[in-house]
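Numbering (UniProt numbering), first residue to last: 1 to 490. Quick reminder that beta carbons are idealized off the backbone N, C-alpha and C, glycines included. In what follows, a structure is listed as structure tokens, so that the remarks can point back to it.
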């Protein structure tokens, strides 16, 4: 619900892993060299950093599984309550990238759902008992602070984009503000979350940060806008010409500073390398810092060519450091692919440290708590069997980048049920699939990691020792596709 947005016209080759379960019509497992077929997953989505307001009523451990939201006891892990969304309504929350993650404000959870990929809703759910306080249809992603709920919607018929503020407790409209910032009606992204026009990126109680592009005289103007959360007035703007399309953007506001990371592809004359691959676009990423109230640029990083966001494209801030993940993809030799976690000095953008996984390994986004970053890494060797796949949950010193501990997690134990292929499918072997990598979540007392078949592993934050495992709402119908998506409200 806050943190990042992405345009549909900016394709990304994000290095995520998808484990595909192959099932024959007779119910046996097909073997393609091994029991697993691991493929890179091309994605456009990135994570949205969740903005939580500290609240005793909402503090604790939560989980999504299928179409149900759970609140769990932080000590016993028992289910305190569960809220099942009606009919075909499903939470909009992606496990790898935290997109559209729930926000907690003053004892209320704000959760986005969709029905049949057409209708979309925002529900305000009591953190005390899971009851629905209000539910309203929305057209695009919602953002929440301690003042209001905001949506920014581009008209499909008029050349305006409308910012709407809703009451936190009732969902009723408080006010609207319109802006003449839109993209061409022929642009397929218009009116969606991925518009190249004006869209929200992140919000605080002082600033709503939005970005947008417009074509003027055959050129693309990219703008960064700080809006008032009280009435939508533009507090400041920074506009400049850009080549190519609207950037993918992540942003974070902390201690009066706005940090923004922008990634885009821009066209270059086509060239063909020694492997016969033709390149007609160049990847470029840049990080900038602004005074959030006035818009004065504080610093900007060099333009980083060949660097793109990984599956955990987000910015995090703690103390005097700014953290982000990136990915260098080598299109001609994937053995040279690199995933890196960086820590920059907030004062000037210089690098303090970096943590890099071995070539062609995968790394998730990190959970930041206190002076520790928690993340998951994985490595796939040829011929690996699903029950032998090992992942690592790693704790990194957020000040120095040193690894504090690393705990292996067995991905599957062999007892998980395989779902029956969809009847009548033209390709029953690919009827189901599930993602391997998932970021851990952390509280001050425990670190949690979710595995397939509803299994959750609990680790001790100080040394990574496994404390226990439990299964979330497991039944005889639970299969390898049932995997809880966890989040912690501090």
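Item to check | Sequence-distant residues of the same chain with beta carbon closer than 7 Å to residue 129, five excluded per side | outcome: Mapped onto the chain shown, residue 129 falls at position 129. Cβ neighbours of residue 129 beyond the five flanking positions: 81.
Checklist entry - Is the CB-CB distance between residue 144 and residue 103 below 8 Å? => result As a first step, residue 144 must be located in the chain shown, where it is residue number 144. As a first step, residue 103 must be located in the chain shown, where it is residue number 103. Taking 8 Å as the Cβ cut-off, residue 144 and residue 103 qualify as a contacting pair.
Checklist entry - Counting only runs that start and end within the segment 378-428, where is the beta strand (DSSP E) found for 3 or more residues in a row? => result 390-397 and 403-410
Checklist entry - Between which two residues does the beta strand (DSSP E) containing residue 270 stretch? => result Here residue 270 refers to the residue found at position 270 when the chain shown is read from its first residue. Segment 257-272, the beta strand (DSSP E) holding residue 270.
Checklist entry - Once you ignore the five residues that flank residue 319 on each side, which residues in its own chain have a CB closer than 7 Å to its CB? => result The count along the chain shown starts at 1 and reaches residue 319 at position 319. So no residue of the chain qualifies.
Checklist entry - Using 8 Å as the Cβ pair cut-off and three pairs as the minimum, do the segment 54-64 and the segment 104-111 touch? => result yes
Next on the checklist: Can you look up residue 205 in the DSSP assignment and give me helix, strand or coil?
Outcome noted: Counted from its first residue, the chain shown places residue 205 at position 205. Coil at residue 205, not helix or strand.
Checklist entry - Would you say residue 282 and residue 265 are within 8 Å of each other, going by their C-beta atoms? => result On the chain shown, residue 282 is found 282 positions in, with the first residue counted as 1. On the chain shown, residue 265 is found 265 positions in, with the first residue counted as 1. Yes.
Next on the checklist: Can you confirm whether the segment 165-178 touches the segment 187-197 when touching is taken to mean that 3 or more C-beta pairs between the two stretches lie within less than 8 Å?
Outcome noted: no
Item to check | C-beta atoms of residue 122 and residue 142 nearer than 8 Å | outcome: One-based indexing of the chain shown puts residue 122 at position 122. One-based indexing of the chain shown puts residue 142 at position 142. Yes, the Cβ-Cβ distance between residue 122 and residue 142 is below 8 Å.
Next on the checklist: DSSP three-state label for residue 212, please.
Outcome noted: On the chain shown, residue 212 is found 212 positions in, with the first residue counted as 1. Of the three classes helix, strand and coil, the one that applies to residue 212 here is strand, per DSSP.
Checklist entry - How long is the line joining the alpha carbons of residue 215 and residue 183, rounded to whole angstroms? => result Along the chain shown, read from residue 1 onward, the residue named residue 215 stands at position 215. Along the chain shown, read from residue 1 onward, the residue named residue 183 stands at position 183. Roughly 7 Å between the two C-alpha positions.
Checklist entry - Mind checking whether the beta-carbon of residue 445 lies closer than 7 Å to any heavy atom of the ligand HEM? => result Annotation note on the ligand HEM: not contained in the displayed structure, which lists no ligands.
Checklist entry - If you follow the beta strand (DSSP E) that residue 281 is part of, which residue opens it and which one closes it? => result Stepping through the chain shown from its first residue, residue 281 is reached at position 281. Residue 281 -> beta strand (DSSP E) spans 278-291.
Checklist entry - If we count the other Cβ atoms within 10 Å of its Cβ and call it buried at 16 or more, is residue 294 buried or exposed? => result Taking the chain shown and counting its residues from 1, the one referred to as residue 294 is at position 294. With fewer than 16 Cβ atoms within 10 Å of its Cβ, residue 294 is classed as exposed.
Checklist entry - Is the CB-CB distance between residue 398 and residue 315 below 8 Å? => result Looking up residue 398 in the chain shown gives position 398. Looking up residue 315 in the chain shown gives position 315. Not closer than 8 Å, so no.
Item to check | residue 277 vs residue 270 beta-carbon contact at 8 Å | outcome: For this step, residue 277 is matched to residue 277 along the chain shown. For this step, residue 270 is matched to residue 270 along the chain shown. For residue 277 and residue 270, no; Cβs fall outside 8 Å.
Next on the checklist: Output needed for residue 372: all residues of its chain with C-beta closer than 8 Å, excluding positions within five of it in sequence on either side, in chain order.
Outcome noted: In the chain shown, residue 372 corresponds to position 372, counting from 1. Around residue 372: 395, 396, 397, 398, 404, 442 and 461.
Next on the checklist: Closest to residue 436 by C-alpha separation, out of 466, 459, 161 and 485, would be which residue?
Outcome noted: Taking the chain shown and counting its residues from 1, the one referred to as residue 436 is at position 436. If we check each option's Cα against that of residue 436, 485 comes out closest.
Checklist entry - Around the Cβ of residue 46, are there at least 16 other Cβ atoms within 10 angstroms (buried) or fewer (exposed)? => result To locate residue 46, count along the chain shown from 1; it is residue 46. Confidence at residue 46 is low in this model, with a pLDDT of 30, below 50, so its placement is unreliable and the value that follows should be read with caution. The residue is buried, with at least 16 neighbouring Cβ atoms inside 10 Å.
Item to check | Helix, strand or coil at residue 7 [DSSP, three-state] | outcome: If you number the chain shown from 1, residue 7 lands on position 7. Reliability of the predicted coordinates at residue 7 is poor, the pLDDT of 43 falling under 50, and the value obtained from them is presented with this limitation in mind. Coil.
Next on the checklist: Bridge partners for residue 120 per DSSP, in chain order?
Outcome noted: For this step, residue 120 is matched to residue 120 along the chain shown. Beta-bridge pairing links residue 120 to 114.
Checklist entry - Across which residues does DSSP place residue 224 in a beta bridge pair? => result On the chain shown, residue 224 is found 224 positions in, with the first residue counted as 1. Looking at the DSSP assignment, residue 224 forms a beta bridge with 211 and 238.
Checklist entry - In chain order, what residues of the same chain have a beta carbon less than 6 Å from the beta carbon of residue 262, not counting five sequence neighbours either side? => result By 1-based counting over the chain shown, the position of residue 262 is 262. Cβ within range, chain order: 247, 249 and 286.
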